[in-house]
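K.L.:
Sending over a structure as structure tokens; questions will come in a sec.
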Amino acid sequence: MKHRFLPRKETVLFIYPLVILNLINPAYTPVILLIPIILSCILCFALAIRILVRKYRRFRTEMEVRNVWIKKP
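In my numbering, each residue carries its 1-based index in the sequence shown increased by 27.
Okay, structure coming up:
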């Protein structure tokens, strides 16, 4: 089992700038902590929407194949 001494790319991109900014000006700490939370929320919503769209498309094609899709009068 190999041990990874170098941090992952995501860690470097997210945490290192936050630490540096925190050292420069500690007043920005709450804002800095909120940024990753907001980003993760956005990503989560995007993923959920993608999954819902995929499920809806699958459902719709299935209904069209069965020819049960409700046609508007």
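Backbone N, C-alpha and C define an ideal beta-carbon position, used for all residues, glycine too.
How long is the line joining the alpha carbons of E89 and R77, rounded to whole angstroms?
P.N.:
For E89 and R77, the distance between alpha carbons rounds to 18 Å.
K.L.:
Taking C-alpha atoms, which residue in N94, R35 and F41 lies nearest to S67?
P.N.:
Cα-wise, what sits closest to S67 is F41.
K.L.:
According to DSSP, simplified to helix, strand and coil, what is R81?
P.N.:
Here R81 sits in helix by DSSP.
K.L.:
Taking the CB atoms as reference points, tell me whether I59 and N49 lie closer together than 8 Å.
P.N.:
Contact flag set, yes.
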